[in-house]
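A.B. asks:
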Amino acid sequence: MEYDEKLARFRQAHLNPFNKQQHEQGSGEETPDRDTEEAPPELSPSEPEFHCPECVMDLGLSEDHFSRPVGLFLASDVQQLRRAIEQCKQVILELPEQSEKQKDAVVRLIHLRLKLQELKDPSEDEPNIRVLLEHRFYKEKSKSVKQTCDKCNTIIWGLIQTWYTCTGCYYRCHSKCLNLISKPCVRSKVSHQAEYELNICPEMGLDSQDYRCAECRAPISLRGVPSEARQCDYTGQYYCSHCHWNDLAVIPARVIHNWDFEPRKVSRCSMRYLALMVSRPVLRLREINPLLFNYVEELVEIRKLRQDILLMKPYFITCKEAMESRLLLQLQDRQHFVENDEMYSVQDLVDVHMGRLSCSLTEIHTLFAKHIKLDCERCQAKGFVCELCREGDVLFPFDSHTSVCTDCSAVFHRDCYYDNSTTCPKCARLTLRKRSLFQEPSLDVDA
């Protein structure tokens, strides 16, 4: 008898609307009207009756691939989930203590609360800005972009989950993972210690790391038990799969010493650091590897163009038209090109290798020279005449056939300057003028 009652309740809860009539006929019960509801079977005194607005409450946790059962409760938003939680609480209180049904209801309640936590609107209680370990996290507004959490290595579903992005190092994570972050912001390291590791993959071995990840200190090994050890080609250290995603990046040490631009596998921390440092001019190639200019002809051409631009810079600073047209802003992305000719960034070297930097810098050089030699009369008036031959056009220090005196910055034809065995005429005049200035006060004292 008890089995028949359970079977009847099961059929009533999972009744298919398409074969409703067949079930009713198969059970041997005749219904006078299809709209009239079937009377539920009598329950034993030990089992309390469910009080639910629907015929049977289904919390929507079980999968149903074919049809929607009658009375199915779909908890798809926050309000429905809260209503389902209250109903589940009421059911738990009505069920017998320590019964299997009560245990199942408690499990359902836990799942509903977890789902509510995921679907809960973050704007209600989550702050827009969070500062943690020098990270400055901002809550993202985008709901359609799918990202990956840098902490737990799982997908961030922006439609139903809250996530933050650090404005300094672009570290992305769930709101629930913020308090688990242990690595400080890479931007602080770039600000305080902007330098590269210039040794190629300085490996120390897993034993020096105590067989633990260099970042999160999780146990790792080369056999993959308990976690696979992945080497970062930039630092030479080993990381776990959560801290090393096999990202590829150009290694500065390999570029400087071997002119090798092949991307290598690096950890997430190194990836962010290299991304922030890629445009910073911190490489002094003449000191690190001076022989590189002997083997890379493009670097010699770039160095000559940069030296010419530095010689053009005084013309633009003292020219009103050049300041109004802001010619120097043509190099605003490479500000160090108008400050010196020695410092390079990794992005500069990558562009040299790809052939982009030579083309763009040649165009800027041509534009600057056109303003000084053709467009602006004030800049033309600041040209030089070769005092050794006194022939030819007006000369400028950035012309390819000229030479500049290192003492007085006078400009001559290159052939005239090296063929002349005497000293620079301008230097001679300046020396004579200084002597005359020193002699005049002595004559006044004697008088």
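For the record, in the sequence shown the residue sitting at position 56 is 56 according to UniProt numbering, with numbers rising by one throughout.
We put the beta carbon where it would ideally sit given N, CA and C, even for glycine.
Compute the Euclidean distance between the alpha carbons of G392 and V411, then round it to the nearest angstrom.
C.D. replies: Working through the sequence shown from its first residue, we reach residue 392 at position 392. Working through the sequence shown from its first residue, we reach residue 411 at position 411. Each residue's alpha carbon lies about 13 Å from the other.
A.B. asks: If you reduce the DSSP assignment to three classes, tell me which class F293 lands in.
C.D. replies: Here residue 293 refers to the residue found at position 293 when the sequence shown is read from its first residue. F293 falls in the helix class under three-state DSSP.
A.B. asks: Can you tell me the Cα-Cα spacing of L178 and V300, whole angstroms?
C.D. replies: Against the sequence shown, residue 178 aligns to sequence position 178. Against the sequence shown, residue 300 aligns to sequence position 300. L178 and V300: Cα-Cα distance of roughly 48 Å.
A.B. asks: Where does S360 fall in DSSP's three states?
C.D. replies: Counting from 1 along the sequence shown, the entry for residue 360 is found at position 360. If DSSP states are grouped into helix, strand and coil, S360 belongs with the helices.
A.B. asks: Please classify M204: is it buried, with 16 or more other beta-carbons within 10 angstroms of its beta-carbon, or exposed?
C.D. replies: As a working note, residue 204 is residue 204 in the sequence shown. Its Cβ having fewer than 16 others within 10 Å, M204 is exposed.
A.B. asks: Grouping DSSP H, G and I as helix and E and B as strand, with all else coil, what is F438?
C.D. replies: In the sequence shown, residue 438 corresponds to position 438, counting from 1. DSSP places F438 in helix when its eight states are reduced to three.
A.B. asks: Could you spell out where the beta strand (DSSP E) holding L248 opens and where it closes?
C.D. replies: Translated into positions along the sequence shown, residue 248 becomes position 248. Start and end: D247 to A249.
A.B. asks: Where does V131 land, buried or exposed, given buried means 16+ other C-beta within 10 angstroms?
C.D. replies: Numbered from its first residue, the sequence shown carries residue 131 at position 131. That one is exposed.
A.B. asks: Mark T235 as exposed unless 16 or more other C-beta atoms lie within 10 angstroms of its C-beta, in which case mark it buried.
C.D. replies: Here residue 235 corresponds to residue number 235 of the sequence shown, with the count starting at 1. Answer is buried; the Cβ neighbour count reaches 16.
A.B. asks: Are the region 387 to 406 and the region 294 to 313 touching, with three or more C-beta to C-beta distances below 8 Å?
C.D. replies: The answer is yes - the region 294 to 313 touches the region 387 to 406, with three or more Cβ pairs under 8 Å.
A.B. asks: Ends of the alpha helix (DSSP H) at R187?
C.D. replies: As a first step, residue 187 is located in the sequence shown; it is residue number 187 there, counting from the start. Run containing R187: V186 to H192, per the alpha helix (DSSP H) assignment.
A.B. asks: Taking Cβ positions, are P281 and Y344 nearer each other than 8 Å?
C.D. replies: Taking the sequence shown and counting its residues from 1, the one referred to as residue 281 is at position 281. Taking the sequence shown and counting its residues from 1, the one referred to as residue 344 is at position 344. Yes; because the gap between Cβ atoms is below 8 Å, this pair is in contact.
A.B. asks: What does the alpha-carbon distance come out to for the pair R187 and Y315?
C.D. replies: Here residue 187 refers to the residue found at position 187 of the sequence shown. Here residue 315 refers to the residue found at position 315 of the sequence shown. One C-alpha to the other measures close to 37 Å.
A.B. asks: Do Q102 and I110 have their CB atoms nearer than 8 Å?
C.D. replies: For the purposes of this step, residue 102 is identified with residue 102 of the sequence shown, where counting begins at 1. For the purposes of this step, residue 110 is identified with residue 110 of the sequence shown, where counting begins at 1. In this structure, I110 does not lie closer than 8 Å to Q102 by Cβ.
A.B. asks: Considering only their Cβ atoms, is the gap separating I181 from K139 smaller than 8 Å?
C.D. replies: Residue mapping note: residue 139 aligns to position 139 of the sequence shown, counting from 1. Residue mapping note: residue 181 aligns to position 181 of the sequence shown, counting from 1. Cβ distance not < 8 Å, so K139 and I181 don't count as in contact.
A.B. asks: Look at the alpha carbon of C240 and the alpha carbon of R264, and state the distance between them as a whole number of angstroms.
C.D. replies: The residue you call residue 240 lines up with position 240 of the sequence shown. The residue you call residue 264 lines up with position 264 of the sequence shown. Roughly 17 Å between the two C-alpha positions.
A.B. asks: Considering only their Cβ atoms, is the gap separating S279 from C243 smaller than 8 Å?
C.D. replies: If you number the sequence shown from 1, residue 243 lands on position 243. If you number the sequence shown from 1, residue 279 lands on position 279. Not in contact: C243 and S279 (Cβ atoms no closer than 8 Å).
A.B. asks: Could you compute how far the alpha carbon of G383 sits from the alpha carbon of Q347?
C.D. replies: Mapped onto the sequence shown, residue 383 falls at position 383. Mapped onto the sequence shown, residue 347 falls at position 347. Roughly 35 Å between the two C-alpha positions.
A.B. asks: Identify which residue in C386, L222, V190 and E297 has its Cα closest to the Cα of M271.
C.D. replies: Along the sequence shown, read from residue 1 onward, the residue named residue 271 stands at position 271. Here the closest residue by C-alpha is V190.
A.B. asks: Would you report the Cα separation of I160 and M323, rounded to the nearest angstrom?
C.D. replies: Residue numbering aside, residue 160 sits at position 160 when the sequence shown is read from its first letter. Residue numbering aside, residue 323 sits at position 323 when the sequence shown is read from its first letter. In a straight line, the C-alpha of I160 is about 52 Å away from that of M323.
A.B. asks: Looking only at C-alpha atoms, which of E298, C166, R172 and H371 sits nearest to W259?
C.D. replies: Here residue 259 corresponds to residue number 259 of the sequence shown, with the count starting at 1. Closest option to W259, Cα to Cα, is E298.
A.B. asks: Which of the three DSSP states, helix, strand or coil, is assigned to C201?
C.D. replies: On the sequence shown, residue 201 is found 201 positions in, with the first residue counted as 1. Coil.
A.B. asks: Please classify A194 as buried or exposed, where buried requires at least 16 neighbouring CB atoms within 10 angstroms.
C.D. replies: By 1-based counting over the sequence shown, the position of residue 194 is 194. Classification of A194: exposed, given that the 10 Å Cβ count is below 16.
A.B. asks: In this structure, does DSSP put K426 in helix, strand or coil?
C.D. replies: Locating residue 426 in the sequence shown gives position 426, where the first residue counts as 1. Looking at K426 - three-state DSSP - the assignment turns out to be helix.
A.B. asks: Determine the direct distance from the alpha carbon of R303 to that of residue 449, and round the result to whole angstroms.
C.D. replies: Since the first residue shown for the chain is 1 and the last is 447, residue 449 is missing from the structure and cannot be characterised.
A.B. asks: Roughly how many whole angstroms lie between the Cα atoms of L291 and R217?
C.D. replies: Stepping through the sequence shown from its first residue, residue 291 is reached at position 291. Stepping through the sequence shown from its first residue, residue 217 is reached at position 217. Cα-Cα distance, rounded: 41 Å.
A.B. asks: By the DSSP assignment, the beta strand (DSSP E) with K176 in it spans what residues?
C.D. replies: Sequence index remark: in the sequence shown, residue 176 carries index 176 (1-based). Unbroken run through K176: none, as it is neither H nor E.
A.B. asks: State the start and end residues of the unbroken alpha helix (DSSP H) segment that holds I372.
C.D. replies: Here residue 372 corresponds to residue number 372 of the sequence shown, with the count starting at 1. Where I372 is concerned, there is no enclosing alpha helix (DSSP H), given that its DSSP letter is neither H nor E.
A.B. asks: With H336 and F261 assumed to form a contact (beta carbons below 8 Å), what rounded beta-carbon distance in angstroms separates them?
C.D. replies: If you number the sequence shown from 1, residue 336 lands on position 336. If you number the sequence shown from 1, residue 261 lands on position 261. Incorrect: roughly 21 Å between the Cβ atoms, too far for contact.
A.B. asks: Our contact map puts R172 next to Q147 with C-beta atoms below 8 Å; I'd like the distance itself, whole angstroms only.
C.D. replies: Indexing the sequence shown from 1 puts residue 172 at position 172. Indexing the sequence shown from 1 puts residue 147 at position 147. The Cβ separation is near 5 Å, so the contact holds.
A.B. asks: When the distance is taken between beta carbons, is C416 closer than 8 Å to L395?
C.D. replies: Position 395 of the sequence shown, counted from the first residue, corresponds to residue 395. Position 416 of the sequence shown, counted from the first residue, corresponds to residue 416. No, the pair does not count as a contact, with Cβ atoms beyond the cut-off.
A.B. asks: Determine the closest residue to R286 out of Y211, D341, S221 and A214, with distance taken between C-alpha atoms.
C.D. replies: As a working mapping, residue 286 is identified with position 286 in the sequence shown. Considering only alpha carbons, the answer is D341.
A.B. asks: Can you check DSSP and say which residues form a bridge with E228?
C.D. replies: Here residue 228 corresponds to residue number 228 of the sequence shown, with the count starting at 1. Paired residue(s): S221.
A.B. asks: Taking E321 as the reference, give the member of N294, S360 and C376 with the closest Cα.
C.D. replies: Reading the sequence shown from its first residue, position 321 is the one you call residue 321. Among N294, S360 and C376, the Cα nearest to that of E321 is on C376.
A.B. asks: Reducing DSSP to helix, strand and coil, say where L432 ends up.
C.D. replies: Within the sequence shown, the letter at position 432 stands for residue 432. Here L432 sits in helix by DSSP.
A.B. asks: Going by the beta-carbon positions, is the gap between A229 and L206 smaller than 8 Å?
C.D. replies: Position 229 of the sequence shown, counted from the start, is the residue given in the question as residue 229. Position 206 of the sequence shown, counted from the start, is the residue given in the question as residue 206. A contact, by the Cβ cut-off of 8 Å.
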